[in-house]
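Undergrad: Residue numbers for the sequence shown follow the working numbering, beginning at 105 and rising by one.
Next up is a structure, given as structure tokens.
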Amino acid sequence: MSDKIATRVAYGQALAEIGGNENIIVLDADLSGSTKTDSFKKKYPERHFNMGIAESNMMAVAAGLASCGKTVFASTFAMFAAGRAFDQIRNSIGYPHLNVKIGATHAGITVGEDGASHQAIEDIALMRSIPGMTVVSPADAVSANALVKLAAEMYGPVYLRLGRLDVPVVYDAGTKFEIGKGITLKDGKDVTIIANGFMVHKALEAAEKLEAEGISARVIDIHTIKPIDTELIIKAASETGAIVTCEEHNVVGGLGSAVAEVLVKNRPVPVEMVGVEDKFGKSGKPAHLVEMYGLTAENIIEKTKKVLDRK
Numbered sequence: 105m106s107d108k109i110a111t112r113v114a115y116g117q118a119l120a121e122i123g124g125n126e127n128i129i130v131l132d133a134d135l136s137g138s139t140k141t142d143s144f145k146k147k148y149p150e151r152h153f154n155m156g157i158a159e160s161n162m163m164a165v166a167a168g169l170a171s172c173g174k175t176v177f178a179s180t181f182a183m184f185a186a187g188r189a190f191d192q193i194r195n196s197i198g199y200p201h202l203n204v205k206i207g208a209t210h211a212g213i214t215v216g217e218d219g220a221s222h223q224a225i226e227d228i229a230l231m232r233s234i235p236g237m238t239v240v241s242p243a244d245a246v247s248a249n250a251l252v253k254l255a256a257e258m259y260g261p262v263y264l265r266l267g268r269l270d271v272p273v274v275y276d277a278g279t280k281f282e283i284g285k286g287i288t289l290k291d292g293k294d295v296t297i298i299a300n301g302f303m304v305h306k307a308l309e310a311a312e313k314l315e316a317e318g319i320s321a322r323v324i325d326i327h328t329i330k331p332i333d334t335e336l337i338i339k340a341a342s343e344t345g346a347i348v349t350c351e352e353h354n355v356v357g358g359l360g361s362a363v364a365e366v367l368v369k370n371r372p373v374p375v376e377m378v379g380v381e382d383k384f385g386k387s388g389k390p391a392h393l394v395e396m397y398g399l400t401a402e403n404i405i406e407k408t409k410k411v412l413d414r415k
């Protein structure tokens with residue numbers, strides 16, 4: 105984990121790389137410099153449309169284009185996509201199950217100084233509640249690039265959760281990904297740490313420190329929250345007997361909730377959750393906010409020890 109690249113940058117790069125497919129259209133809500141869809145715009149200006157600061161209308165236009173057979177990427181900040189345009193996503197994209205990919209950047213509290221109004225910590229809960237919606241939260245630039253391309257290849261609505269902050273590259277180039285299938289990044293026998301997005305590199309850091317204390321922690325990246333990799337989660341619960349979930353999202357309705365739903369029906373084991381504890385964000389430097397909200401390796405270690413006591 106040396107290089108640091110934001111997943112929103114990888115989103116823009118992936119769109120530019122697959123843009124040779126003339127069926128792909130990219131829409132943006134006057135934020136192409138921030139969402140990085142300007143990379144696509146430079147190469148394929150005739151298929152990139154600035155919809156202005158009108159996110160709800162953008163989703164309706166995306167639905168219309170998709171109904172005519174196009175593969176549409178509708179791009180804006182996560183707060184404006186999942187929040188402001190929820191009605192249009194639900195009724196115009198989700199209900200008719202149209203081929204629209206929602207590129208939602210600047211998710212979570214690591215948006216930083218923009219503050220609570222722009223820090224989407226409820227978006228996974230909202231999007232995974234829509235029937236038929238695929239929800240993806242990549243850990244790094246390599247996985248983001250691959251998962252954007254896989255989203256383009258599959259039919260149906262996809263919510264792609266992307267970040268503003270530069271994050272460590274976790275995966276080697278060429279790693280194979282599959283939507284709906286998690287990846288075991290580190291094996292372990294005492295406990296399983298399940299993470300996604302920004303928190304994956306924190307989970308790996310925590311596991312390394314736990315190893316030094318004689319605690320063997322398995323680390324799994326569940327990049328697809330919906331459909332979730334039920335088989336991998338049950339296997340981890342059966343083999344390690346305890347789970348810690350980690351996410352840059354409210355612990356209500358996010359990854360932790362999704363994992364708990366799998367376990368309570370299939371293999372109940374003790375679970376602890378690391379995430380935003382049902383609070384709104386604040387304006388501040390990302391590093392300070394990460395500490396403030398406990399999105400740290402130290403908090404993962406603390407929760408791991410707590411869950412082991414319950415095991």
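Every residue, glycine too, gets a C-beta built ideally from N, C-alpha and C.
If Val-411 and Val-348 are in contact, beta carbons under 8 Å, what's the gap, nearest whole angstrom?
TA: About 6 Å separates the two Cβ atoms, so the contact holds.
Undergrad: Determine whether the beta carbon atoms of Ile-128 and Arg-112 lie at a separation below 9 Å.
TA: Their beta carbons are not under 9 Å apart, which means Ile-128 does not touch Arg-112 by this criterion.
Undergrad: Tell me the DSSP secondary structure of Leu-264 in three-state form.
TA: Looking at Leu-264 - three-state DSSP - the assignment turns out to be strand.
Undergrad: Among Ser-221, Val-165, Asp-276, Lys-293, which one has its Cα closest to the Cα of Met-73?
TA: The question about residue 73 has no answer, for the chain in this structure spans 105 to 415.
Undergrad: Would you identify the three-state DSSP class for Asp-227, choosing helix, strand or coil?
TA: Here Asp-227 sits in helix by DSSP.
Undergrad: Exposed or buried, Ala-256, counting other C-beta atoms within 10 Å across all chains shown (16 or more means buried)?
TA: Buried is the call here.
Undergrad: If we call anything under 9 Å between Cβ atoms a contact, is Ser-241 one with His-327?
TA: Yes; because the gap between Cβ atoms is below 9 Å, this pair is in contact.
Undergrad: Using the C-alpha atoms, what's the distance from Gly-267 back to Asn-249?
TA: Computed Cα separation, rounded: 13 Å.
Undergrad: Under the rule that 16 or more other beta-carbon atoms within 10 Å means buried, what is His-353, buried or exposed?
TA: His-353 comes out buried.
Undergrad: Is it buried or exposed for Glu-317, if we count other Cβ within 10 angstroms and need 16 for buried?
TA: Burial call: exposed.
Undergrad: Let's see if you can read the secondary structure: which residues bound the beta strand (DSSP E) around Met-377?
TA: Counting along the chain, the beta strand (DSSP E) containing Met-377 begins and ends at 375 to 380.
Undergrad: Look at the alpha carbon of Gly-260 and the alpha carbon of Asp-413, and state the distance between them as a whole number of angstroms.
TA: Distance between the alpha carbons of Gly-260 and Asp-413: 43 Å.
Undergrad: Taking the Cβ atom as the reference point for each residue, do Asn-403 and Val-378 lie within a distance shorter than 9 Å?
TA: Going by C-beta atoms, Asn-403 is nearer than 9 Å to Val-378.
Undergrad: Express the C-alpha separation of Lys-369 and Ala-346 in angstroms, rounding to a whole number.
TA: About 15 Å.
Undergrad: The beta strand (DSSP E) with Thr-209 in it runs from where to where?
TA: Its beta strand (DSSP E) spans residues 204 to 209.
Undergrad: Out of Pro-272, Glu-121, Met-396, state which residue places its alpha-carbon closest to the alpha-carbon of Glu-381.
TA: If we check each option's Cα against that of Glu-381, Met-396 comes out closest.
Undergrad: How many whole angstroms separate the CB atoms of Thr-238 and Lys-330, which I take to be in contact at a CB cut-off of 8 Å?
TA: The pair is a contact, with the Cβ atoms about 6 Å apart (cut-off 8 Å).
Undergrad: Nearest CA to the CA of Glu-217: which residue from Pro-390, Gly-357, Ser-179?
TA: Among Pro-390, Gly-357, Ser-179, the Cα nearest to that of Glu-217 is on Pro-390.
Undergrad: Taking the alpha-carbon of Thr-296 as reference, which of Arg-322, Lys-285, Ile-283, Val-273 has the nearest alpha-carbon?
TA: Cα-wise, what sits closest to Thr-296 is Arg-322.
Undergrad: Could you give the distance in angstroms between the alpha-carbon of Gly-137 and the alpha-carbon of Ala-185?
TA: Each residue's Cα considered, the two are about 17 Å apart.
Undergrad: Alpha carbon to alpha carbon, how far is Lys-407 from Tyr-148?
TA: Approximately 48 Å between the Cα atoms of the pair.
Undergrad: What span of residues does the alpha helix (DSSP H) with Arg-414 cover, start to end?
TA: Unbroken alpha helix (DSSP H) run through Arg-414: 401 to 414.
Undergrad: Can you pull the DSSP bridge partners for Lys-280?
TA: In the DSSP output, where bridge partners are listed per residue, Lys-280 has none listed.
Undergrad: Taking Cβ to Cβ, would you say Leu-314 is nearer than 9 Å to Ile-405?
TA: Yes, the pair counts as a contact, with Cβ atoms nearer than the cut-off.
Undergrad: Looking only at its own chain, which residues have a Cβ that is under 8 Å from the Cβ of Ile-157, when we skip the five neighbours before and after it?
TA: If we look at Ile-157 and ignore the five residues flanking it on each side, its Cβ neighbours are Ala-133, Asp-134.
Undergrad: On the three-state DSSP scale, how would you describe Pro-372?
TA: DSSP places Pro-372 in coil when its eight states are reduced to three.
Undergrad: Taking Cβ to Cβ, would you say Ala-189 is nearer than 9 Å to Ser-160?
TA: Yes; because the gap between Cβ atoms is below 9 Å, this pair is in contact.
Undergrad: For Ala-362 and Lys-108, I'd like the C-alpha separation in whole angstroms.
TA: Their backbone Cα atoms lie some 28 Å apart in a straight line.
Undergrad: When burial is assigned at 16 or more other CB atoms within 10 Å of the CB, is Glu-376 buried or exposed?
TA: It counts as buried.
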